[in-house]
Amino acid sequence: DQQVKQNSPSLSVQEGRISILNCDYTNSMFDYFLWYKKYPAEGPTFLISISSIKDKNEDGRFTVFLNKSAKHLSLHIVPSQPGDSAVYFCAATTGANNLFFGTGTRLTVIP
Amino acid sequence: NAGVTQTPKFQVLKTGQSMTLQCAQDMNHEYMSWYRQDPGMGLRLIHYSVGAGITDQGEVPNGYNVSRSTTEDFPLRLLSAAPSQTSVYFCASRPPKEARRDPYEQYFGPGTRLTVT
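Order-wise, the sequence lines are chains A and B. Numbering-wise, the numbering used here comes out as the position in the first sequence, counting from 1, plus 1120. Numbering-wise, the numbering used here comes out as the position in the second sequence, counting from 1, plus 96.
Printed below as a string of structure tokens:
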């Protein structure tokens, strides 16, 4: 049973506009959340994270928002660039050695 | 640093055959892990190791064995391959606390695409 869900398999956005990728989780014990980015034929790479004690974390063009009551997080990319085209995975952990990943959302940024 | 390397990149096996997926890292990372990625599912943890001589099971360990005789290598063994093990396999390692950008950051290898017929 998927504990972390990304319900949009794909998203297309014009260059310069905002990309919003969504993620929902079911396990209320998750206390840390991450986003990974994956290009074809490469492994995922860490992008940004957020602890459950925060509701927002920013790193340059990337911002992650966490809504604990809704068990929902989102990744905002502003402005979107063609190089951002990739698959984005949301992941969550209870603090143990296991990360639970979502199914991924393929972002295409159109020049 | 070569990072996390995985061999082979692609492999086709017949049901019942055995094989070892290789994973190596030259960054002296203590923690290493194996994930599988299947269509419609996220990456799922198979086994992990917190250091040489220590391994533990993840979410989906059945059908796989691991060992960690050195810090550098963490091979994944399929003793009797089944079609359900058709997947993309990723190996990952985690830097020591003082070198991480994030407490849970891992470096992933490029993956091995395995098909079992």
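The C-beta atom is built at its ideal place from N, Cα and C for all residues, glycine as well. Small disclaimer: the values here were computed from a predicted structure and weren't measured.
Pull up the DSSP beta-bridge partners for residue i, would you.
i       : result
B/V108  : B/T211
A/S1194 : A/N1142 and A/F1185
B/R197  : Looking at the DSSP assignment, B/R197 forms no beta bridge with any residue, so it has no partner.
B/F204  : B/A188
B/H143  : B/W130 and B/Q153
A/N1177 : A/V1184
A/N1217 : Answer by DSSP bridge pairing: none, since A/N1217 is not bridged.
Please return the same chain residues whose Cβ sits closer than 6 Å to the Cβ of residue i, not counting the five positions on each side in sequence.
i       : result
A/T1223 : Q1126
B/S117  : Contrary to the premise, residue 117 of chain B reads as Leu rather than Ser in this sequence. These residues qualify, in order along the chain: L172, Y185 and T208.
B/V162  : H143, T151 and L172
Do the CB positions of residue i and residue j come within less than 8 Å of each other?
i       : j       : result
B/Y185  : B/R132  : yes
A/L1154 : B/Y200  : yes
B/P171  : B/M123  : no
A/L1219 : A/T1213 : yes
B/A120  : B/E168  : yes
A/Q1123 : A/N1147 : yes
B/R164  : B/I142  : no
A/D1151 : A/S1172 : yes
B/G205  : B/Q102  : yes
A/I1140 : A/S1194 : yes
Can you give me the C-alpha to C-alpha distance between residue i and residue j, rounded to a whole angstrom?
i       : j       : result
B/M115  : B/L175  : 7 Å
A/T1228 : A/N1142 : 15 Å
B/A178  : B/T211  : 9 Å
B/Y127  : A/Y1159 : 24 Å
A/I1138 : A/S1205 : 13 Å
With a threshold of 7 Å on Cβ separation, who are the neighbours of residue i within its own chain once the five nearest residues in sequence on each side are excluded?
i       : result
A/P1202 : E1135, V1229 and P1231
B/Q153  : H143
B/S183  : R132, Q133, D134 and L210
Taking 8 Å as the limit between beta carbons, can you name the residues of its chain near residue i, skipping five residues before and five after?
i       : result
A/K1176 : I1170, T1183, V1184, F1185 and L1186
B/K193  : P199
Self-check item: Near-chain A residues of the region 138-156 of chain B (beta-carbon distance less than 8 Å), N- to C-terminal order
Solution: Answer set for the region 138-156 of chain B: G138, L139, R140, L141, Y144, V146, D152, G154 and E155.
Self-check item: Near-chain A residues of the region 188-211 of chain B (beta-carbon distance less than 8 Å), N- to C-terminal order
Solution: A188, R197, D198, P199, Y200, E201, Q202, Y203, F204, G205, P206 and G207
Quiz item: Listed from N- to C-terminal order along the chain, which residues in the region 1137-1164 of chain A have their beta-carbon within a distance smaller than 7 Å of any beta-carbon of chain B?
Solution: Y1152, L1154, A1161, E1162, G1163 and P1164
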